[in-house]
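Everything below concerns the one structure shown next.
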Amino acid sequence: MISERCYDSEGAAFDIAVNPICADNLRQLVFDGFPYLLIKENPAEDNIGFTINLIEEDAVSIFLTDLSGSVLYEKTNLHLAKGKHNFELQSDDKLNSVYFVTIKSKNLNITKKIIIKK
């Protein structure tokens, strides 16, 4: 019998407590009062500017992808110190569309949407 409780094959009952994380809260991860990944201007017209805020020294990879998942820009194993780091990517050759900036390291895997609107 299935109800508000789960039963194993031997009949012992147990409760399952679930505390889901709201996806909106994941976009607000901060260190020292500053987001881990901040897109400077969105929608962007000229350049794609963003800031990475690290809690410790880390090797970081940066990816810019389009809606189909094609990688348009890739910079891997950037060794960055703790703190804020500013980046700018040229958007001259990018069409009006939605793109994604992804930051990966041993401690982070964050993707944010950016819109190019010229």
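Basically this note's numbering = 1-based index in the sequence shown + 34. Glycine is no exception: its CB is placed at the ideal position from the N, C-alpha and C atoms.
- Leu142 carries a coil assignment under DSSP once its states are collapsed to helix, strand and coil.
- The Cβ atoms of Ser139 and Asp92 lie closer than 7 Å to each other.
- Counting along the chain, Glu108 sits inside the beta strand (DSSP E) bounded by residues Val105 to Leu114.
- Assignment of Glu122 by DSSP, reduced to helix, strand and coil, places it in the strand class.
- A straight-line Cα-Cα distance of about 14 Å links Gly83 and Thr145.
- When rounded, the separation of the alpha-carbon atoms in Leu112 and His119 is 11 Å.
- If you check the CB distance, Leu98 and Ile86 do not come in under 7 Å.
- For Asp92, the enclosing beta strand (DSSP E) stretches over residues Asp92 to Asp100.
- Scanning its chain for C-beta atoms nearer than 8 Å, with the 5 sequence neighbours on each side dropped, one finds around Ser131 the residues Asp100, Leu101, Ile149 and Ile150, in chain order.
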